[in-house]
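Peer 1:
Residue numbers (this note's numbering), protein chains in the order written: chain A, 5 to 138; chain B, 3 to 291.
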């Protein structure tokens, strides 16, 4: 019997569970390697050669090359890992959030200063579907 | 014997550490966040703990995806601040009460909490930011004013341990501490939270009402609060809000009867609601060993 995933109906949210952990393993291990300067230097000197060390899928590799932050999460990446790729590029957590939400940095920062994203209308997928969001 | 006299709940947002390290705490964005810790620093100076038992989560720094222990106890003599991608924080090395840590490890396992023992470990912002908030700016050549026993909890890969499990682990930690012969005043920290979501299209979620009820119930209904299902944290407090299970470990280690000494709540620090609470056992109020 399958485990119940009662968190799958939260809109705009990808819970990093054991299945995503399995799918994203090599992608996440690549990302976390960038925690160390010597690895950042090697990656920045030759991204392709460095990526060859990690047997991730072609889709995952392309998302890295494209810095497609949401796609990285959809393919099993986790934000604590992908944020190391962001840090390598000089992008902070908050700037990443501006990119992932599609709001841009200024609008996102303003929303946070004004108290953040309200839970109202943001708890269930059907609330987003009715609003025409994806 | 050693005794746990008080508990501290505290967010551990990395940007807070960066703001302290870069001297930005007086800036308009940060000043209200730090103002709420002035009383806390006076309190902890007065409480003067010998040991802080610090519950936190590692952010893929020591534990990358290759191994993910649910509970890992720091048993090394000391723990160096880790490089998380921006260079190590310029704060003191964290020193353990190593004899007590090994005692706690042995006691917990016999108490049926099968923890992982860490004899080599660096520590990331999850541990150093709460220390900085409570003890103020200290540099690499300084010393933290007390010893620290770190306990890492997995909250990165779902599922984190349940709130119930965490609350009961707190009880087991208390039993372990109280069976240690040395007369020591121990303060336990539960860190992380409060509401925040760092990832994907709903990033930026903050739920003040939910956070406040969480802090209220730490005193009024801690057992009921520990039964909160994971999906409620994820839905109401954001995907990273599930870090709050670590506060139940702190709460479980205290007496049933506690008094709220101090509370602070501020939005935002970067993407996160900053929550902070100090709870003291009623019988220990104003008492130091």
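All residues carry an ideal CB built from backbone N, CA and C; glycine is no exception.
Since the structure is predicted, the reported quantities are computational estimates derived from the model, not experimental observations.
1. What residues in the segment 143-159 of chain B bring their beta carbon closer than 9 angstroms to a beta carbon of chain A?
2. Contact between the segment 212-224 of chain B and the segment 20-40 of chain B: three or more CB pairs below 8 angstroms?
3. Could you work out which residue in B:103, B:124, B:133 and B:118 is closest to residue 192 of chain B when comparing CA atoms only?
4. If we cut at 7 angstroms on Cβ distances, does residue 185 of chain B have a partner in chain A?
5. Under 7 angstroms Cβ to Cβ from residue 97 of chain A, same chain only, skipping five residues before and after it: list those, please.
6. Below 8 angstroms on the Cβ atoms is my guess for residue 56 of chain B versus residue 151 of chain B; work out the distance and round it to an integer in Å.
7. Where do the N-terminal and C-terminal ends of the beta strand (DSSP E) with residue 282 of chain B fall, by residue?
8. Check whether chain A comes within 7 angstroms of residue 23 of chain B, counting only Cβ atoms and requiring the distance to be less than that.
9. With DSSP collapsed to three states, give me the class of residue 62 of chain B.
10. Listing by chain order, which chain B residues have their CB less than 8 angstroms from the CB of residue 77 of chain A?
11. Between which two residues does the alpha helix (DSSP H) carrying residue 178 of chain B extend?
12. By the three-class DSSP mapping on this structure, what secondary structure does residue 116 of chain A have?
13. Have a look at B:237, B:107 and B:176 and flag the residue whose alpha-carbon is nearest the alpha-carbon of residue 6 of chain B.
14. Just checking my contact of residue 153 of chain B with residue 75 of chain B at CB under 8 angstroms: how many whole Å lie between their CB atoms?
15. Please check the pair residue 83 of chain B and residue 130 of chain B, which I expect to be a contact at CB under 8 angstroms, by giving their CB distance rounded to whole angstroms.
16. From the DSSP secondary-structure annotation, give me the bridge partner or partners of residue 121 of chain A.
17. For residue 159 of chain B, which residues of its own chain have a beta-carbon under 7 angstroms away from its beta-carbon, when the five flanking residues on both sides are left out?
18. Which residue marks the beginning of the alpha helix (DSSP H) containing residue 75 of chain A, and which one marks its end?
19. Using 10 angstroms around the beta-carbon of residue 290 of chain B, count the other beta-carbons present and answer buried if the total reaches 16, otherwise exposed.
20. Would you grab the beta carbon distance between residue 67 of chain A and residue 57 of chain A for me? Rounded to a whole angstrom, and I think it's under 8 angstroms.
21. May I ask you to report which of helix, strand or coil DSSP gives residue 148 of chain B?
22. Evaluate contact between the segment 16-33 of chain A and the segment 75-85 of chain A, counting only Cβ atoms and requiring at least three cross-stretch pairs below 8 angstroms.
23. Going residue by residue through the segment 233-276 of chain B, where are the continuous alpha helix (DSSP H) segments of at least 4 residues, counting only ones entirely within it?
24. Report yes or no: is there a C-beta of chain A within less than 7 angstroms of the C-beta of residue 237 of chain B?
25. Look up residue 290 of chain B in the DSSP assignment and say whether it is helix, strand or coil.
26. Out of curiosity, what's the CA-to-CA distance linking residue 138 of chain B and residue 66 of chain B?
27. Under a three-way DSSP split, which group does residue 153 of chain B fall into?
28. Taking only beta carbons into account, state which residues of the segment 121-134 of chain A come closer than 7 angstroms to chain B, listed in chain order.
29. Just to confirm before moving on: does the CB-CB distance between residue 272 of chain B and residue 15 of chain B stay below 7 angstroms?
30. Anything in the segment 11-28 of chain A with a Cβ closer than 9 angstroms to a Cβ of chain B? List those residues in chain order, please.
Peer 2: Answer, in terms of the structure:
1. Identification of residues in the segment 143-159 of chain B having a C-beta nearer than 9 angstroms to some C-beta of chain A yields 158 and 159, given in sequence order.
2. Contact between the segment 212-224 of chain B and the segment 20-40 of chain B is absent, because fewer than three Cβ pairs lie under 8 angstroms.
3. By 1-based counting over the second chain, the position of residue 192 of chain B is 190. Checking every option, the nearest Cα to that of residue 192 of chain B belongs to B:133.
4. As a first step, residue 185 of chain B must be located in the second chain, where it is residue number 183. Closer than 7 angstroms: no.
5. By one-based count along the first chain, residue 97 of chain A stands at place 93. Counting only Cβ-Cβ distances below 7 angstroms, and skipping sequence neighbours, we find 87.
6. Taking the first residue of the second chain as position 1, residue 56 of chain B is located at position 54. Taking the first residue of the second chain as position 1, residue 151 of chain B is located at position 149. With 8 angstroms as the limit, residue 56 of chain B and residue 151 of chain B qualify as a contact, their Cβ atoms being about 7 angstroms apart.
7. For the purposes of this step, residue 282 of chain B is taken as residue 280 along the second chain, with counting starting at 1. Per DSSP, residue 282 of chain B belongs to the beta strand (DSSP E) from 274-283.
8. Along the second chain, one-based indexing puts residue 23 of chain B at 21. For residue 23 of chain B, the answer is no, since every Cβ of chain A falls outside 7 angstroms of its Cβ.
9. Stepping through the second chain from its first residue, residue 62 of chain B is reached at position 60. Shown here, residue 62 of chain B sits in coil according to DSSP, grouped into three states, outside any helix or strand.
10. Sequence index remark: in the first chain, residue 77 of chain A carries index 73 (1-based). Listed by position along chain B, the residues whose Cβ is nearer than 8 angstroms to that of residue 77 of chain A are 201 and 202.
11. As a working mapping, residue 178 of chain B is identified with position 176 in the second chain. In the DSSP assignment, residue 178 of chain B falls within the unbroken alpha helix (DSSP H) covering 165-180.
12. Along the first chain, read from residue 1 onward, the residue named residue 116 of chain A stands at position 112. In this structure, residue 116 of chain A counts as helix in the three-state DSSP scheme.
13. Position 4 of the second chain, counted from the first residue, corresponds to residue 6 of chain B. Distances from the CA of residue 6 of chain B to each of B:237, B:107 and B:176 were compared; the closest alpha carbon is that of B:176.
14. The residue labelled residue 153 of chain B in the question sits at position 151 within the second chain. The residue labelled residue 75 of chain B in the question sits at position 73 within the second chain. Yes, they are in contact, since the Cβ atoms of residue 153 of chain B and residue 75 of chain B sit about 5 angstroms apart, within 8 angstroms.
15. On the second chain, position 81 is the one that residue 83 of chain B refers to. On the second chain, position 128 is the one that residue 130 of chain B refers to. Between the beta-carbon of residue 83 of chain B and that of residue 130 of chain B there is about 6 angstroms, and that keeps the pair under the 8 angstroms contact cut.
16. Counting from one through the first chain, the residue named residue 121 of chain A turns up at place 117. Beta-bridge partners of residue 121 of chain A (DSSP): B:207.
17. Against the second chain, residue 159 of chain B aligns to sequence position 157. Excluding five sequence positions before and after residue 159 of chain B, the CB atoms of its chain that fall closer than 7 angstroms to its own CB belong to 70, given in chain order.
18. Here residue 75 of chain A corresponds to residue number 71 of the first chain, with the count starting at 1. Start and end: 73-78.
19. The residue given as residue 290 of chain B occupies position 288 in the second chain. Low per-residue confidence applies at residue 290 of chain B: pLDDT is 49, beneath 50, and the placement is therefore not dependable, though the value from the model is reported in the following sentence. With fewer than 16 other Cβ atoms within 10 Å, it is exposed.
20. Sequence index remark: in the first chain, residue 67 of chain A carries index 63 (1-based). Sequence index remark: in the first chain, residue 57 of chain A carries index 53 (1-based). Approximately 17 angstroms separates the beta-carbon atoms of residue 67 of chain A and residue 57 of chain A; this is outside 8 angstroms, ruling out the contact.
21. If you number the second chain from 1, residue 148 of chain B lands on position 146. Three-state DSSP puts residue 148 of chain B in coil, outside helix and strand.
22. Yes, the segment 16-33 of chain A touches the segment 75-85 of chain A.
23. Correct list: 247-254.
24. Locating residue 237 of chain B in the second chain gives position 235, where the first residue counts as 1. It does; some Cβ of chain A falls within 7 angstroms.
25. Within the second chain, the letter at position 288 stands for residue 290 of chain B. Residue confidence is low: residue 290 of chain B scores 49 on pLDDT, short of 50, so the model does not pin down where it sits. Its coordinate-derived value is still stated next. In the structure shown, the three-state DSSP call for residue 290 of chain B is coil.
26. Here residue 138 of chain B refers to the residue found at position 136 when the second chain is read from its first residue. Here residue 66 of chain B refers to the residue found at position 64 when the second chain is read from its first residue. Those two C-alpha atoms are separated by around 30 angstroms.
27. As a first step, residue 153 of chain B must be located in the second chain, where it is residue number 151. In the three-state DSSP reduction, residue 153 of chain B falls in the strand class (E or B).
28. Listed by position along the chain: 121, 123, 126 and 127.
29. On the second chain, residue 272 of chain B is found 270 positions in, with the first residue counted as 1. On the second chain, residue 15 of chain B is found 13 positions in, with the first residue counted as 1. The beta carbons of residue 272 of chain B and residue 15 of chain B sit closer together than 7 angstroms.
30. Per Cβ criterion, the list reads 11, 13, 14, 15, 16, 17, 18, 19, 20, 21, 22, 24, 25 and 28.
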